[in-house]
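As structure tokens, the structure follows; a few thoughts come after it.
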Amino acid sequence: LVSRKKKPENTIVDIKGEKVGDGNPHLVFGPCAVESYEQVATVADAIKGKGLKLLRGGAFKPRTSPYDFQGLGIEGLKILKRIADEFDLAVISEIVSPADIETAVNYIDVIQIGARNMQNFELLKAAGAVNKPVLLKRGISATIEEFINAAEYIMAQGNGQIILCERGIRTYERATRNTLDISAVPILKQETHLPVLVDVTHSTGRRDLLLPAAKAALAIGADGVMAEVHPDPAVALSDNAQQMDLKQFDEFMKELQSSAFVK
Ligand code: PEP
Ligand code: MN
């Protein structure tokens with residue numbers, strides 16, 4: 094179903110009027126994790142100030158260590174809902190359990206399925222059974238074929254509103270957190286009719302690489318870019334080495350806008 098052979102024209106995923114896949118770049122920013130209303134509101138205000146619409150923030154955080162911050166859960170989704178209403182933004186958040194999908198659709202505009210859950214088939218089926226856009230991230234060690242099949246699981250249940258997200262894969266290289274597989278973008282665009290985003294934060298894991306990676310993503314044909322922004326990354330409860338602060342976010346946007354990849 095996701096194959097371009099089945100459907101030659103691009104799928105456009107409409108998120109509250111933001112049409113991902115329409116040929117224009119769509120930018121998603123927000124903190125790694127929802128920590129408080131004030132924290133998310135500060136970032137929402139900055140996003141709004143740039144005329145952007147899409148805010149991300151994790152409420153359920155699948156952390157490598159069980160002793161790390163696990164997220165605010167449903168409380169975090171409620172904060173995102175309040176932010177979406179107050180700032181007229183669309184919110185994207187990861188759901189990790191099939192049992193939470195039906196509740197989550199009341200609070201968020203896009204269900205994110207994280208890298209660690211790309212082959213959680215029950216979760217994919219649950220996300221496929223609701224009428225809500227899904228942002229599906231590539232698994233940490235997933236091949237492109239496995240990634241496409243994960244999207245197929247969602248669409249097979251009836252939900253065709255899927256955005257694919259390349260977020261880097263695990264290789265022997267340690268200079269970056271993961272290896273951004275930039276060639277996955279045109280391959281996914283050729284093989285499927287789905288929009289493709291590139292997460293420059295989790296792929297590079299390096300603040301100094303966010304801008305060049307974003308430019309490369311848009312140059313190679315990505316439909317958008319995701320990056321993490323936090324009011325004070327030094328005290329962030331997760332991913333504090335790679336989130337941008339508001340000044341860096343402002344510079345990132347200015348550079349990207351002057352780069353000819355964003356109008
Ligand atoms: C995230 O985007 O919040 C995240 C945890 O990313 P990934 O699933 O790609 O590691
Ligand atoms: Mn993160």
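Numbering (full-length UniProt numbering), first residue to last: 94 to 356. No residue lacks a Cβ here, since even glycine has one placed at the ideal position from N, Cα and C.
Note on Glu-321: 16 or more other CB atoms within 10 angstroms of its CB, so buried under the neighbour-count rule. In its chain, beyond the 5 residues on either side, Met-346 have a beta carbon closer than 7 angstroms to the beta carbon of Lys-143.
Proximity to Ile-247 across Leu-217, Ala-353, Ala-268, Lys-109 peaks at Leu-217, based on C-alpha coordinates.
In chain order, the residues that have a beta carbon nearer than 5 angstroms to some heavy atom of the ligand MN are Cys-125, Asp-332. DSSP lists Lys-112 as the bridge partner or partners of Asp-107. Annotated three-state conformation of Thr-264 is coil, per DSSP. Asp-292 has its CB nearer than 7 angstroms to a heavy atom of the ligand PEP. For the pair Ile-172 and Tyr-130, the Cα-to-Cα distance works out to about 6 angstroms. Of all alpha-carbon atoms in Glu-128, Val-113, Val-127, the one lying nearest the alpha-carbon of Val-121 is that of Val-113. Ile-185 is positioned such that its CB atom lies no closer than 8 angstroms to that of Ile-194.
With fewer than 16 other Cβ atoms inside 10 Å of its own Cβ, Lys-340 counts as exposed.
A straight-line Cα-Cα distance of about 30 angstroms links Ile-255 and Tyr-265. In the DSSP assignment, Cys-258 is bridged to Lys-230, Leu-290. Taken from the Cβ of Arg-175, every heavy atom of the ligand PEP lies 7 angstroms or farther away. Its chain contains Gly-151, Lys-154, Gly-164, Leu-330, Ser-331 as the residues whose beta carbon lies nearer than 6 angstroms to that of Ala-126, once the 5 sequence neighbours on both sides are disregarded; these appear in chain order. Ala-208 has its CB nearer than 7 angstroms to a heavy atom of the ligand PEP. Cβ-Cβ distances below 6 angstroms link Ala-177 to Val-184 in the same chain, with the five nearest sequence neighbours on each side left out; the list follows chain order. A direct Cα-to-Cα measurement between Leu-281 and Lys-99 gives close to 14 angstroms.
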